[in-house]
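Chemist:
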Amino acid sequence: MAACANSAAIPETYPEYLINQESNLSKSVFFVTCPKGVEYVLADELSTFGLVPVRNAPAGVWVEGSLEAGYRACLWSRLANRVILHIAEVNANSGDQLYDGVVHLDWQQHIPVDGSFRVTFLGQSDAIRNTQFGAQRVKDGIVDRFRTSGGLRPSVDAKNPDIIVSARLNRGRLSLGIDLSGHSLHMRGYRTDKGIAPLKENLAAALLMRAGWPEIAASGGDFVDPMCGSGTLVIEAALMALDLAPGRKQEKFGFEKWPGHQPELWLSLRQEAERRAHEGKQGRIPKFAGFDQDSRVIATAWKNIQRAGLEGVVHVESRPVADLQLEGDWSQAGLVLTNPPYGERLSERKELGGLYHSLGDAVKQAVPGWRLGVFTGAPEYGKSIGLRSYKQYRLFNGKLPAQLLLFEINDANAMTPREPDVPGQITPRIRNQERADMLRNRLKKNLKTVGQWARKQGIGCYRLYDADMPEFALAIDIYEGKVHVQEYAAPKSVDERAARERLAEALAVIPDALGIERDEMVCKQRQRQAGANQYEKQGATGEFFEVHEHGCVLKVNLKDYLDTGLFLDHRPVRHWIQDHAAGKRFLNLFCYTGAATVHAMVGGASRSLSLDMSKTYVGWAQDNLALNGADRKKHRVEQADCLAWLAAKPAQNEVFDLIFMDPPTFSNSARMAGVLDIQKDHGTLIRQAMGRLSSDGLLIFSNNFRRFKLDEALESEFDVVEVSRSTIDKDFQRNQKIHRCWHIRHSG
1270 MAACANSAAI
1280 PETYPEYLIN
1290 QESNLSKSVF
1300 FVTCPKGVEY
1310 VLADELSTFG
1320 LVPVRNAPAG
1330 VWVEGSLEAG
1340 YRACLWSRLA
1350 NRVILHIAEV
1360 NANSGDQLYD
1370 GVVHLDWQQH
1380 IPVDGSFRVT
1390 FLGQSDAIRN
1400 TQFGAQRVKD
1410 GIVDRFRTSG
1420 GLRPSVDAKN
1430 PDIIVSARLN
1440 RGRLSLGIDL
1450 SGHSLHMRGY
1460 RTDKGIAPLK
1470 ENLAAALLMR
1480 AGWPEIAASG
1490 GDFVDPMCGS
1500 GTLVIEAALM
1510 ALDLAPGRKQ
1520 EKFGFEKWPG
1530 HQPELWLSLR
1540 QEAERRAHEG
1550 KQGRIPKFAG
1560 FDQDSRVIAT
1570 AWKNIQRAGL
1580 EGVVHVESRP
1590 VADLQLEGDW
1600 SQAGLVLTNP
1610 PYGERLSERK
1620 ELGGLYHSLG
1630 DAVKQAVPGW
1640 RLGVFTGAPE
1650 YGKSIGLRSY
1660 KQYRLFNGKL
1670 PAQLLLFEIN
1680 DANAMTPREP
1690 DVPGQITPRI
1700 RNQERADMLR
1710 NRLKKNLKTV
1720 GQWARKQGIG
1730 CYRLYDADMP
1740 EFALAIDIYE
1750 GKVHVQEYAA
1760 PKSVDERAAR
1770 ERLAEALAVI
1780 PDALGIERDE
1790 MVCKQRQRQA
1800 GANQYEKQGA
1810 TGEFFEVHEH
1820 GCVLKVNLKD
1830 YLDTGLFLDH
1840 RPVRHWIQDH
1850 AAGKRFLNLF
1860 CYTGAATVHA
1870 MVGGASRSLS
1880 LDMSKTYVGW
1890 AQDNLALNGA
1900 DRKKHRVEQA
1910 DCLAWLAAKP
1920 AQNEVFDLIF
1930 MDPPTFSNSA
1940 RMAGVLDIQK
1950 DHGTLIRQAM
1960 GRLSSDGLLI
1970 FSNNFRRFKL
1980 DEALESEFDV
1990 VEVSRSTIDK
2000 DFQRNQKIHR
2010 CWHIRHSG
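Per my numbering, numbering of the sequence shown is gapless, rising by one per residue and ending at 2017.
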């Protein structure tokens, strides 16, 4: 009996309809696994097969649809690892309870009595502490069900079973399914000889999609990989452009001996794939080229190309990056996508700077006007390319964290190449080892406690350290692997030189303590801000990236502004809004980047209006809503002075069921009609906002003025409840006055 783990975990909470799914014969539920970080791209791909995404999970997506759509995923998915047909979910708080749930299922619908099966098991609990025990109990339940039904039972085959039963345990619940794929779908069959540190085929496909290759190919663009290794990227690019199904050459799938299999349906899909393969070669075929300085991996690439049936389509040859040239008639637009060495292939990591510099020079000379994508485990060397990256995606190459950096190759994006180790204004340096060790130990302790809490909660952005030690007056926040350091302005009693010395020590300690590269850390000095200064731009890198919070996608920028675009302390408030927004009309005043509106929209708000006087943040909020698929007609963001808007007579349709108002403490922006002092003006703002609130609606009012006192008269006019304590998460327990928050309703 073999027990092994699938590549993805189930979500913390199953969709309710997964229970007793076997009763719904017209529509099936599938769990489709994928490499970590590819979930959102996979959800979009599965939609094209007729599958409806229900929920993303770590390294997988729950979807629903027909069996035909599930078959299409097996044949056509370029991103999936496995397609698992969900059967049922059972209680599994103990081994006996797990067995009881399994034995009561009708396994004859899924395993032929004269066939064979094996169980793959993922997950542990206090009662089920290893996967072998879990798999054994599932196997026992299946076998005993057959025995009670008639005596005959299928055999167990660990190596070559007819059916693979997938079992995934999470929080006392066991999800059971049939692995329709039968093998990891990343194995297309063309790559038996591997180069050094190869990309898996489905990760290569994900990089191509993130880099926009399908659109570039459709518009007549070409493709080049100047460090192609065994050719995976260039082969996947060709398969994609020629509309060749990635599973087209697979001889066996996991559903072929499944009793529910529909051979005629599967045959028609295979015939369709062959027809599309023929049609894909009728139009213009893009040019594909791969180069690598290692002639041995080029020999491997040629074999892979032949097995993929791409001879005459894909060309590879041995050539160093610096000699990149494209002879013949190439398109004016195209994609250069490559996976340079991370340092493991070179004797010394410092050589990477020169390699990346050569790559930048080569593409600027050979393919101006093209797009460049660099997938790297050493993203700090991206600055050595000499181009400004406009997009960064965080992914994993196996277990190794990596990033896909995207660049447009043109003069407007050119920048001076810079080695990542060149120090900035403050050189990281330790002068007092004992003091530095104290900070290092505190960070490691916090990472173990707060970091562990955040991981269990599925929180990727959180505060790790907030001036825990008086010697280091810093706020250190984690943004899905990146680190944002804010230095609080030192009191006048502290010598400036001493403050800079301690900051230099912190900058030396933080990367080591948190296990990050220095390039993954951004440091700013935070001071008291007044008026528009709180929104002043600090830089112009344009380095935005996406983070995730309770199923929402949000755009942040750690470098260009004093704040990042996401107030971490308001995370519980946003989550509460998401949980209570269904069917409601939502108003977000002083909306900043619209994160609360995104949560309301994702939570099912019927419509929303978000207002801010900053054009920058209005655009940012619109981008955040677009990232989450919002209907712009239902969810509007407008540039407006909230003071003037609230003071004006409400329009006929300006009635809302849920209002969020988190004003700045003070503002005297030239764009405003007046001056905002939250202590003096909050009573008026609240009364005006309540004038736009429906009779049974709720106003959430918040601010972060430390000495704030709520106008007592408001409590006699409205139903006012302070909820501040419930809106402070574990990562802000040291600073519980970070904000205060009230729920305000109409009386009576």
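Cβ atoms here follow ideal geometry from the backbone N, Cα and C, with glycine treated the same way.
Tell me the DSSP bridge mates of ALA1671?
Modeler: Here residue 1671 refers to the residue found at position 402 when the sequence shown is read from its first residue. Looking at the DSSP assignment, ALA1671 forms a beta bridge with LEU1664.
Chemist: Going by other Cβ atoms of all chains shown within 10 Å of its Cβ, with 16 needed for buried, is MET1738 buried or exposed?
Modeler: Here residue 1738 refers to the residue found at position 469 when the sequence shown is read from its first residue. Exposed, by the Cβ-count rule.
Chemist: Rounding to the nearest angstrom, what Cα-Cα distance links PHE1318 and ALA1338 in this structure?
Modeler: As a working mapping, residue 1318 is identified with position 49 in the sequence shown. As a working mapping, residue 1338 is identified with position 69 in the sequence shown. Between PHE1318 and ALA1338, the C-alpha separation is close to 5 Å.
Chemist: Just to confirm, is the Cβ distance from LEU1674 to ALA1635 under 8 Å?
Modeler: Taking the first residue of the sequence shown as 1, we reach residue 1674 at position 405. Taking the first residue of the sequence shown as 1, we reach residue 1635 at position 366. No, the pair does not count as a contact, with Cβ atoms beyond the cut-off.
Chemist: Would you identify the three-state DSSP class for THR1645, choosing helix, strand or coil?
Modeler: Mapped onto the sequence shown, residue 1645 falls at position 376. Three-state result, THR1645: strand.
Chemist: Taking the continuous alpha helix (DSSP H) assigned at GLN1702, which residues delimit it?
Modeler: What you label residue 1702 is simply residue 433 of the sequence shown in a count that begins at 1. Its alpha helix (DSSP H) spans residues 1702–1726.
Chemist: If you check the beta carbons only, do HIS1868 and ILE1846 fall under 8 Å apart?
Modeler: What you label residue 1868 is simply residue 599 of the sequence shown in a count that begins at 1. What you label residue 1846 is simply residue 577 of the sequence shown in a count that begins at 1. If you check the CB distance, HIS1868 and ILE1846 come in under 8 Å.
Chemist: What do you get for MET1509, buried or exposed, if any count of 16 or more other CB atoms within 10 angstroms of its CB means buried?
Modeler: Residue 1509 sits at position 240 when you count from the first residue of the sequence shown. Buried, by the Cβ-count rule.
Chemist: Report the three-state DSSP secondary structure of TYR1913 (helix, strand or coil).
Modeler: For the purposes of this step, residue 1913 is taken as residue 644 along the sequence shown, with counting starting at 1. With the sequence shown as reference, residue 1913 is identified as Ala, and Tyr is not the correct amino acid for it. Helix, per DSSP.
Chemist: Quick check: the Cα distance between GLY1451 and LYS1428, rounded to an integer number of angstroms?
Modeler: Here residue 1451 is taken as the residue at index 182 of the sequence shown, counted from 1. Here residue 1428 is taken as the residue at index 159 of the sequence shown, counted from 1. One C-alpha to the other measures close to 11 Å.
Chemist: Are the stretch 1381–1388 and the stretch 1406–1423 in contact at 8 Å, needing three or more beta carbon pairs?
Modeler: Three or more pairs of CB atoms, one per stretch, sit closer than 8 Å, so the stretch 1381–1388 contacts the stretch 1406–1423.
Chemist: Taking Cβ to Cβ, would you say VAL1327 is nearer than 8 Å to PHE1665?
Modeler: Sequence index remark: in the sequence shown, residue 1327 carries index 58 (1-based). Sequence index remark: in the sequence shown, residue 1665 carries index 396 (1-based). Checking the displayed sequence, the identity of residue 1327 turns out to be Pro instead of Val. In this structure, PHE1665 does not lie closer than 8 Å to PRO1327 by Cβ.
Chemist: Rounded to the nearest angstrom, what separates LEU1472 and VAL1307 at their Cα positions?
Modeler: The residue given as residue 1472 occupies position 203 in the sequence shown. The residue given as residue 1307 occupies position 38 in the sequence shown. In a straight line, the C-alpha of LEU1472 is about 8 Å away from that of VAL1307.
Chemist: Identify whether ILE1747 lies in helix, strand or coil by the three-state DSSP scheme.
Modeler: Here residue 1747 corresponds to residue number 478 of the sequence shown, with the count starting at 1. In the structure shown, ILE1747 sits in a strand (DSSP, three-state: E or B).
Chemist: Mind checking THR1607: buried by the 16 CB within 10 Å criterion, or exposed?
Modeler: As a first step, residue 1607 must be located in the sequence shown, where it is residue number 338. THR1607 comes out buried.
Chemist: Hey, quick one: how far does the alpha helix (DSSP H) through ILE1432 stretch, first residue to last?
Modeler: The sequence position of residue 1432 within the sequence shown is 163, counting from 1. Segment 1432–1439 is the beta strand (DSSP E) holding ILE1432; no alpha helix (DSSP H) there.
Chemist: Which partner residues of GLU1358 appear in the DSSP bridge assignment?
Modeler: Within the sequence shown, the letter at position 89 stands for residue 1358. Answer by DSSP bridge pairing, in chain order: SER1444.
Chemist: Between which residues of its own chain and ALA1705 is the CB-CB distance below 6 Å, once the five residues before and five after are set aside?
Modeler: Position 436 of the sequence shown holds residue 1705. ILE1699, GLU1774, VAL1778.
Chemist: Comparing alpha-carbon positions, which option in LYS1824, PHE1859, HIS1904 lies nearest SER1877?
Modeler: Here residue 1877 refers to the residue found at position 608 of the sequence shown. Comparing Cα-Cα distances from SER1877 to each of LYS1824, PHE1859, HIS1904, the minimum goes to HIS1904.
Chemist: Using only alpha-carbon positions, find the residue among SER1964, PHE1560, ALA1874, LEU1856 that is nearest to VAL1590.
Modeler: Residue 1590 sits at position 321 when you count from the first residue of the sequence shown. Comparing Cα positions, the closest option is PHE1560.
Chemist: Check whether the stretch 1521–1528 touches the stretch 1484–1491, counting contact only when three or more Cβ pairs, one atom from each stretch, lie closer than 8 Å.
Modeler: no
Chemist: Looking at VAL1503 and VAL1412, is the spacing between their C-beta atoms short of 8 Å?
Modeler: If you number the sequence shown from 1, residue 1412 lands on position 143. If you number the sequence shown from 1, residue 1503 lands on position 234. The answer is no: Cβ separation not under 8 Å.
Chemist: Got a sec, what are the start and stop residues for the beta strand (DSSP E) PRO1322 sits in?
Modeler: The count along the sequence shown starts at 1 and reaches residue 1322 at position 53. First-last of the beta strand (DSSP E) with PRO1322: 1321–1326.
Chemist: Quick one: Cα of ALA1361 to Cα of LYS1853, how far?
Modeler: Residue numbering aside, residue 1361 sits at position 92 when the sequence shown is read from its first letter. Residue numbering aside, residue 1853 sits at position 584 when the sequence shown is read from its first letter. ALA1361 and LYS1853 have their C-alpha atoms roughly 37 Å apart.
Chemist: Ignore the nearest five residues each way along the sequence and tell me which others in LYS1633's own chain have a CB closer than 8 Å to its CB.
Modeler: Residue mapping note: residue 1633 aligns to position 364 of the sequence shown, counting from 1. Result list for LYS1633: GLY1655, LEU1656, ILE1678, ALA1683, in chain order.
Chemist: Distance, Cα to Cα, ARG1298 vs ALA1312?
Modeler: Here residue 1298 corresponds to residue number 29 of the sequence shown, with the count starting at 1. Here residue 1312 corresponds to residue number 43 of the sequence shown, with the count starting at 1. Here residue 1298 turns out to be Val, not Arg, going by the sequence shown. VAL1298 and ALA1312: Cα-Cα distance of roughly 14 Å.
Chemist: Note down, in chain order, each residue of its chain lying with its Cβ closer than 8 Å to the Cβ of LEU1534, except the 5 sequence neighbours on either side.
Modeler: The count along the sequence shown starts at 1 and reaches residue 1534 at position 265. Setting aside the 5 residues that flank it on each side, LEU1534 is surrounded in the same chain by LEU1336, GLU1337, TYR1340, each with a C-beta closer than 8 Å to its C-beta; the list follows chain order.
Chemist: Terminal residues of the continuous alpha helix (DSSP H) containing TYR1731?
Modeler: On the sequence shown, position 462 is the one that residue 1731 refers to. Counting along the chain, TYR1731 falls outside any alpha helix (DSSP H), though it belongs to the beta strand (DSSP E) covering 1730–1735.
Chemist: How about the stretch 1920–1937 and the stretch 1894–1910: do they share at least three Cβ pairs that are nearer than 8 Å?
Modeler: no
Chemist: Given a cut-off of 8 Å on the beta-carbon distance, is the pair LEU1449 and ILE1353 in contact?
Modeler: In the sequence shown, residue 1449 corresponds to position 180, counting from 1. In the sequence shown, residue 1353 corresponds to position 84, counting from 1. Result yes, Cβ atoms of LEU1449 and ILE1353 sit closer than 8 Å.
Chemist: Mapping the DSSP letters down to three states, classify ASP1313 as helix, strand or coil.
Modeler: What you label residue 1313 is simply residue 44 of the sequence shown in a count that begins at 1. Of the three classes helix, strand and coil, the one that applies to ASP1313 here is helix, per DSSP.
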